[in-house]
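Asker:
Numbering (our numbering), first residue to last: 7 to 345.
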């Protein structure tokens with residue numbers, strides 16, 4: 007009878023805890039500890055078990071035991087920030103699209119150094135959404151072995167391991183640099199605050215490419231480890247004037263930082279845009295009401311969320327087949343008084 011049960015269970019094609027234990031040569035209890043309480047298992051053994059899990063595509067089935075209330079209509083959204091402005095706009099758009107459905111949206115807030123994939127699969131999600139998450143090659147491979155539809159929202163992905171809904175960052179920087187050069191600006195500085203690594207890296211690459219293309223100094227860059235805010239903008243502006251002296255234009259990687267720069271420039275009685283031009287990336291509401299009104303590149307954050315929500319619905323209702331691809335939304339330059 008026991009043999010018949012085992013055959014029946016394995017006929018589903020799903021890898022079990024026993025399969026992993028047999029592969030590694032340990033007991034099922036040890037494998038369970040390595041997954042749920044890794045601190046109780048030696049690092050060497052944890053690595054062996056983890057390798058076996060990735061190799062065999064094991065997915066813990068905890069829905070019946072720990073999470074019995076979680077049904078197969080669960081969507082798990084994974085992010086490292088719940089307060090970043092772009093994330094809140096994206097989540098708002100996504101929620102609007104799925105709130106009339108029976109999909110349950112769970113938000114998994116994770117720290118970068120944590121093994122968040124183990125946390126993720128504990129929820130037995132129907133679909134996974136990664137919001138401005140940076141995944142290394144090993145994580146990408148592991149996510150692929152889960153055989154769960156995956157949507158990534160944020161920067162353009164170079165590896166097609168998901169349905170990627172994002173923006174072309176290189177286009178954004180080129181718009182601003184070209185605009186400022188057309189206004190006769192020569193000494194252009196880039197001001198950056200803490201933001202998602204994947205997007206920041208693309209901004210940096212695009213900045214250097216644009217500067218080299220137009221023969222301007224690519225080294226006028228200042229970075230602040232704090233989150234984007236008015237205060238951060240004030241600090242960066244003062245530091246830039248102290249370090250660089252002569253500067254006639256700033257590109258800020260967020261509207262909040264740019265508004266902080268404007269506030270500090272006005273406090274110093276610096277004429278905007280005649281002495282210093284200020285531009286930014288975001289297109290948030292604050293850019294419309296600042297004084298002077300802010301030149302910015304509009305990033306369709308809410309539209310990205312809406313498109314992700316529609317894609318979720320279509321995947322869930324099997325109206326489309328899951329196929330990794332890049333879906334890029336267009337950004338646009340909005341020229342206002344600050345330049």
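Quick reminder that beta carbons are idealized off the backbone N, C-alpha and C, glycines included.
#1: Per DSSP, what kind of secondary structure is residue 336 in: helix, strand or coil?
#2: To the nearest angstrom, how far is it from the Cα of residue 250 to the Cα of residue 256?
#3: Does the Cβ of residue 89 have 16 or more other Cβ atoms within 10 Å, making it buried, or fewer, making it exposed?
#4: Output the boundary residues of the alpha helix (DSSP H) element that contains residue 212.
#5: How long is the line joining the alpha carbons of residue 94 and residue 87, rounded to whole angstroms?
#6: Residues in the same chain with beta-carbon distance under 7 Å from residue 233, minus the five sequence neighbours each way, listed in chain order, please.
#7: Would you say the stretch 91-110 touches the stretch 308-320, given that touching needs at least three Cβ pairs under 8 Å?
#8: What are the start and end residues of the alpha helix (DSSP H) that includes residue 38?
#9: Let's test the definition: count the other Cβ atoms within 10 Å of the Cβ of residue 231 and tell me whether it reaches 16, buried, or not, exposed.
#10: Taking the alpha carbon of residue 142 as the reference point, which residue from 129, 123 and 332 has its own alpha carbon closest?
#11: So within the stretch 271-307, which uninterrupted beta strand (DSSP E) runs reach at least 3 residues, ignoring any that extend past its ends?
#12: Please report the straight-line C-alpha distance between residue 295 and residue 185, rounded to a whole angstrom.
#13: Please name the residue, chosen from 195, 167, 224 and 22, that lies closest to residue 63 on a Cα-to-Cα basis.
#14: Mind checking who residue 161 pairs with in its DSSP beta bridge?
#15: To which residues of the same chain is residue 224 closer than 6 Å at the C-beta, ignoring the five residues directly before and after it?
#16: Looking at the strands, I want to know which residues DSSP matches up with residue 323.
#17: Go ahead and pull the three-state DSSP assignment for residue 230.
#18: How many angstroms separate the CA atom of residue 246 from the CA atom of residue 283?
#19: For a test of the three-state rule: what should DSSP assign to residue 199, helix, strand or coil?
#20: What residue does the beta strand (DSSP E) around residue 113 start on, and which one ends it?
#21: Between residue 341 and residue 206, what straight-line distance do the alpha-carbon atoms span, to the nearest angstrom?
#22: Measuring CB to CB, does residue 272 end up less than 8 Å from residue 228?
#23: Can the beta-carbon of residue 113 be found closer than 8 Å to that of residue 85?
#24: Kindly indicate which residue of 323, 44 and 61 has the alpha-carbon position closest to the one of residue 29.
#25: For residue 170 versus residue 332, is the C-beta spacing smaller than 8 Å?
#26: Measuring straight from C-alpha to C-alpha, what distance separates residue 37 and residue 52?
#27: How would you write the range of the alpha helix (DSSP H) that residue 94 sits in, first residue to last?
#28: Does residue 50 pass the burial test, meaning 16 or more other C-beta atoms within 10 Å, or should it be called exposed?
#29: Could you work out which residue in 149, 179 and 292 is closest to residue 168 when comparing CA atoms only?
#30: For residue 152 and residue 82, which I take to be in contact (beta-carbon distance under 8 Å), what is that distance rounded to the nearest angstrom?
#31: Using alpha carbons as the reference points, say which of 162, 101 and 239 lies closest to residue 178.
#32: What do you reckon, are the CB atoms on residue 133 and residue 159 nearer than 8 Å?
#33: Taking Cβ positions only, does residue 24 come closer than 8 Å to chain B?
#34: Measure the CB-CB distance between residue 174 and residue 334 and report whether it falls below 8 Å.
#35: By Cβ distance below 6 Å, which residues in the same chain neighbour residue 212 in space, the five residues on each side in sequence not counted?
Answerer: Reading off the structure:
#1: Start at 1 with the first residue of the chain shown, and residue 336 comes out as number 330. DSSP places residue 336 in coil when its eight states are reduced to three.
#2: Here residue 250 corresponds to residue number 244 of the chain shown, with the count starting at 1. Here residue 256 corresponds to residue number 250 of the chain shown, with the count starting at 1. Going by the C-alpha atoms only, they are around 12 Å apart.
#3: Counting from one through the chain shown, the residue named residue 89 turns up at place 83. So residue 89 counts as exposed.
#4: The count along the chain shown starts at 1 and reaches residue 212 at position 206. Where residue 212 is concerned, the enclosing alpha helix (DSSP H) stretches over 203-220.
#5: Working through the chain shown from its first residue, we reach residue 94 at position 88. Working through the chain shown from its first residue, we reach residue 87 at position 81. Whole-angstrom Cα-Cα distance: 9 Å.
#6: Walking along the chain shown from the start, residue 233 turns up at place 227. Taken in chain order, the residues that qualify are 199 and 200.
#7: yes
#8: Start at 1 with the first residue of the chain shown, and residue 38 comes out as number 32. Here the alpha helix (DSSP H) through residue 38 covers 34-42.
#9: What you label residue 231 is simply residue 225 of the chain shown in a count that begins at 1. Residue 231 is exposed by the Cβ-count criterion.
#10: Translated into the one-based positions of the chain shown, residue 142 becomes position 136. The shortest C-alpha separation from residue 142 is found at 123.
#11: 283-288 and 301-304
#12: The count along the chain shown starts at 1 and reaches residue 295 at position 289. The count along the chain shown starts at 1 and reaches residue 185 at position 179. Rounded to the nearest angstrom, the two C-alpha atoms are 21 Å apart.
#13: Numbered from its first residue, the chain shown carries residue 63 at position 57. Nearest of 195, 167, 224 and 22 to residue 63, Cα basis: 22.
#14: Locating residue 161 in the chain shown gives position 155, where the first residue counts as 1. Note: residue 161 sits in a beta bridge opposite 173.
#15: Locating residue 224 in the chain shown gives position 218, where the first residue counts as 1. Result list for residue 224: 214 and 217, in chain order.
#16: Position 317 of the chain shown, counted from the first residue, corresponds to residue 323. Per DSSP, none; premise fails for residue 323.
#17: Locating residue 230 in the chain shown gives position 224, where the first residue counts as 1. The answer is strand: DSSP assigns residue 230 an E or B state.
#18: Counting from 1 along the chain shown, the entry for residue 246 is found at position 240. Counting from 1 along the chain shown, the entry for residue 283 is found at position 277. Roughly 14 Å separates the two Cα atoms.
#19: Here residue 199 is taken as the residue at index 193 of the chain shown, counted from 1. The answer is strand: DSSP assigns residue 199 an E or B state.
#20: Position 107 of the chain shown holds residue 113. Segment 110-115, the beta strand (DSSP E) holding residue 113.
#21: Position 335 of the chain shown holds residue 341. Position 200 of the chain shown holds residue 206. One C-alpha to the other measures close to 23 Å.
#22: Position 266 of the chain shown, counted from the start, is the residue given in the question as residue 272. Position 222 of the chain shown, counted from the start, is the residue given in the question as residue 228. No, these two residues do not count as a Cβ contact at 8 Å.
#23: In the chain shown, counting from the first residue as 1, residue 113 sits at position 107. In the chain shown, counting from the first residue as 1, residue 85 sits at position 79. Yes.
#24: Stepping through the chain shown from its first residue, residue 29 is reached at position 23. It is 61.
#25: As a first step, residue 170 is located in the chain shown; it is residue number 164 there, counting from the start. As a first step, residue 332 is located in the chain shown; it is residue number 326 there, counting from the start. Yes.
#26: Position 31 of the chain shown, counted from the start, is the residue given in the question as residue 37. Position 46 of the chain shown, counted from the start, is the residue given in the question as residue 52. Cα-Cα distance, rounded: 8 Å.
#27: Taking the chain shown and counting its residues from 1, the one referred to as residue 94 is at position 88. Per DSSP, residue 94 belongs to the alpha helix (DSSP H) from 91-104.
#28: Against the chain shown, residue 50 aligns to sequence position 44. Classification for residue 50: exposed.
#29: Stepping through the chain shown from its first residue, residue 168 is reached at position 162. Looking at the Cα atoms, 149 is the closest of the given residues.
#30: Taking the first residue of the chain shown as 1, we reach residue 152 at position 146. Taking the first residue of the chain shown as 1, we reach residue 82 at position 76. The Cβ separation is near 11 Å, so there is no contact.
#31: What you label residue 178 is simply residue 172 of the chain shown in a count that begins at 1. Checked all of 162, 101 and 239; the closest Cα to residue 178 is 162.
#32: To locate residue 133, count along the chain shown from 1; it is residue 127. To locate residue 159, count along the chain shown from 1; it is residue 153. Result no, Cβ atoms of residue 133 and residue 159 do not sit closer than 8 Å.
#33: Among the chains in the structure shown there is no chain B, since it carries only a single protein chain.
#34: Here the question's residue 174 lines up with position 168 in the chain shown. Here the question's residue 334 lines up with position 328 in the chain shown. A contact, by the Cβ cut-off of 8 Å.
#35: Working through the chain shown from its first residue, we reach residue 212 at position 206. 175, 176 and 179, listed in sequence order.
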